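Numbering (the numbering used here), first residue to last: 20 to 290. Heads up, the thing below is written out as structure tokens.
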Ligand SMILES: C[S@@+](CC[C@H](N)C(=O)[O-])C[C@H]1O[C@@H](n2cnc3c(N)ncnc32)[C@H](O)[C@@H]1O
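Spelled out as structure tokens, the structure:
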């Protein structure tokens, strides 16, 4: 790839450090529960959670008895994960690293998970190969990714429409939420791939309150506002976001409620 992937990853570190991701991560904690249950994170299994962030999956998997390693690109989030683990008395190995270059020998884990994480690695084929490489024969991989058609996928498109275009070589992260694409990513694994569309509920006091919170706490939204506001270009983005939110809002009491769709992919590797 001709783009500077290291520069992209440096940008991602800054993006996920901006705002207050630990608070945002609570919105998707229930998805971590689904991943842990569906991947089978029971006692006696070695589990790697890739792009663990503040450790939502890692904490639940450790609570279920698995031996857990969490890896992430962003040191500030790993610090929070470390604090959570210490407070809970959970033994979790937390390592700074890159999904595209996992610092583990082949066949190290019985379970490999990623919850809205590996989807952000710039080289999708490389990252998928790494998930498979570090998994043992008979291991299970579980990945959650926003779908392009769902609420979050659509909000990514609204933002992208107001920001400079990314390099054309970069595939949109939401392709990890598209069944044919994710099947192709794992085609060489020899594993049995199953995909399931699911939703997670987002609920807030109002559309304005939800967007205000995003602008302050959600790294990508914080960065978009910082880039556009000085040029007077932020209001049109916010207006387009409000239109999307109004379209998907299921609340009729002034609040905001929607079901955000994601794809849950499970790969069962041959023994
Ligand atoms: C939306 S957050 C999800 C975090 C966590 N899995 C959760 O469920 O809350 C995306 C995460 O991906 C991490 N990330 C992005 N690119 C990465 C890469 N190339 N390698 C490892 N982690 C990466 C970010 O640092 C961030 O923690």
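Cβ atoms here follow ideal geometry from the backbone N, Cα and C, with glycine treated the same way. Computed from a predicted structure; not experimentally measured.
query: Nearest-angstrom Cα distance between residue 46 and residue 262?; result: 22 Å
query: Confirm the yes/no value for this check: CB of residue 188, any heavy atom of ligand 1, distance under 7 Å.; result: no
query: From residue 205 to residue 54, what does the alpha carbon distance come to, in whole angstroms?; result: 18 Å
query: Sort out for me which residues DSSP pairs residue 275 with in a bridge.; result: 223
query: With a threshold of 6 Å on Cβ separation, who are the neighbours of residue 62 within its own chain once the five nearest residues in sequence on each side are excluded?; result: 84
query: Short check: CB of residue 51 to CB of residue 75, under 8 Å?; result: yes
query: According to DSSP, simplified to helix, strand and coil, what is residue 287?; result: strand
query: Based on Cα-Cα distance, which residue from 105, 78, 42, 162 lies nearest to residue 287?; result: 162
query: Can you tell me whether residue 210 sits near ligand 2, meaning its C-beta is under 7 Å from at least one heavy atom of the ligand?; result: Ligand 2 is not among the ligands present in this structure, which contains only ligand 1.
query: For a quick check, are the C-beta atoms of residue 208 and residue 151 less than 8 Å apart?; result: yes
query: In terms of residue numbering, what span does the alpha helix (DSSP H) encompassing residue 35 cover?; result: 24-36
query: For the alpha helix (DSSP H) that residue 96 lies in, which residues bound it at each end?; result: 94-107
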